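Note that the numbering used here has the sequence shown beginning at 38, numbered continuously upward. Cβ atoms here follow ideal geometry from the backbone N, Cα and C, with glycine treated the same way. Keep in mind it's a predicted model, so treat the numbers as computed, not measured. Working notes, structure below.
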Amino acid sequence: MKICRFNDNRLGVVEGDRIKDVTSVLDQLPAYRVPLPQFDPVIAELTRLRPLIQAAAAKATAVPLADVRLLPPVGNPGKIVAAPVNYRAHLDEVNLSAALHHGNQINEIHRAGLFLKATSSLIGVSDVVKLRFPDRRNDHEVELAVIIGKPASKVSKADALDVVAGYAIGLDMTLRGPEERSFRKSIDTYTVLGPWMITADELPDPTALDLRLTVNGELRQNANTRDLILSVADLIAFASSFYTLLPGDILLTGTPEGVGPVTPGDTMVASITSIGEVTVGVSS
Ligand code: MN
């Protein structure tokens with residue numbers, strides 16, 4: 038199932054080039070009180086809601102996908118966890134370019150660990166990436182994004198994929214410079230997620246997915262998740278060895294080689310096998 042959020046926080050099921058509006062199902066969520074949960078309520082309840090979503094979709098009228106504004110498929114992620122330099126060829130290109138590493142020591146992911154991005158950086162694919170410092174270099178990074186479905190602490194690699202709710206296309210936009218990664222990558226609009234979440238049952242094997250990104254039609258990144266240094270399962274085990282992953286947490290699995298700058302007016306098109314394709318603009 039492809040689940041999306043659209044327009045004024047509506048919930049949808051994507052079928053081909055149309056969306057079935059299943060927002061009525063959200064009435065079945067518990068009434069949360071302060072302090073609000075640190076997880077995403079829709080993702081946390083998805084297993085229970087799924088038959089209700091299917092029933093609602095069967096009765097709903099379809100609206101054209103082209104007519105809606107797509108929001109990020111997770112409304113309230115508690116954490117955005119991201120993997121640095123998780124493709125060998127990208128590690129090599131960063132170490133070879135002062136414009137990329139800025140004198141920072143770039144460690145292998147086993148040594149460097151993971152980092153966090155501010156949840157306030159998250160947008161959907163119908164929004165545009167707004168370059169806050171357009172006089173500095175800003176790069177695209179296409180990544181397979183994993184959406185966590187169940188609480189996970191110290192989960193083994195063998196059990197890791199069982200906690201996945203689904204997958205999406207992620208753009209980990211990056212301001213180049215000497216500051217800490219989490220600071221440079223947490224600018225508003227610098228995490229793009231979409232176009233929807235494909236549920237894990239429809240994408241059982243995330244280890245051989247093509248991912249591509251073009252800028253203004255020029256191919257920049259073209260790789261396959263089989264070349265990840267730490268696989269999706271490795272990353273979930275690694276992250277959950279340090280902290281508990283919660284439903285709705287987003288895991289950006291790292292970008293392959295071919296990162297490059299974007300400037301205002303550019304159009305990025307990113308695609309990942311089985312998930313789909315997104316077109317995202319860049320502005321100042
Ligand atoms: Mn990245």
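Checklist entry - Just the Cα atoms here: how many angstroms apart are methionine 234 and valine 131? => result 30 Å
Item to check | Secondary structure, alpha helix (DSSP H): runs of 4+ residues fully inside the segment 126-194 | outcome: 135-138, 146-149
Checklist entry - isoleucine 56 and leucine 102: beta carbons closer than 8 Å? => result yes
Checklist entry - Could you give the C-beta distance for valine 166 and alanine 94, rounded to a whole number, given that I count them as a contact under 8 Å? => result At roughly 31 Å, the Cβ-Cβ gap does not stay under 8 Å, so valine 166 and alanine 94 are not in contact.
Next on the checklist: Between the alpha carbons of isoleucine 160 and lysine 116, how many angstroms are there, rounded?
Outcome noted: Cα to Cα, isoleucine 160 sits roughly 14 Å from lysine 116.
Next on the checklist: According to DSSP, is isoleucine 266 part of a helix, a strand, or is it coil?
Outcome noted: coil
Checklist entry - Should the segment 299-306 be called in touch with the segment 144-156, which here means at least 3 C-beta pairs below 8 Å? => result No: the two stretches stay apart, fewer than three of their Cβ pairs being nearer than 8 Å.
Item to check | Bridge partner(s) assigned by DSSP for glutamine 258 | outcome: Leu250
Checklist entry - Do leucine 289 and the ligand MN come close, with the Cβ less than 7 Å from some heavy atom? => result yes
Checklist entry - So, helix, strand or coil for proline 232, using DSSP? => result strand
Checklist entry - Does the ligand MN have a heavy atom nearer than 7 Å to the CB of threonine 156? => result no
Item to check | Nearest-angstrom beta carbon gap, glycine 291 and valine 122 [assumed within contact, 8 Å] | outcome: 7 Å
Item to check | Spatial distance of phenylalanine 220 from lysine 96 (CA atoms) | outcome: Answer to the nearest angstrom: the Cα atoms are 45 Å apart.
Next on the checklist: Using a 10 Å radius around the Cβ and a threshold of 16 neighbouring Cβ atoms, would you call proline 88 buried or exposed?
Outcome noted: exposed
Checklist entry - Cβ-heavy atom distance between glutamate 217 and the ligand MN below 7 Å? => result Using a cutoff of 7 Å, the CB of glutamate 217 does not count as near the ligand MN, since none of the ligand's heavy atoms is closer than that.
Checklist entry - Among all the DSSP beta bridges, which residues are the ones paired with serine 321? => result Residue pairing from DSSP leaves serine 321 without any beta-bridge partner.
Checklist entry - Between threonine 300 and proline 215, what straight-line distance do the alpha-carbon atoms span, to the nearest angstrom? => result Going from the Cα of threonine 300 to the Cα of proline 215 covers about 20 Å.
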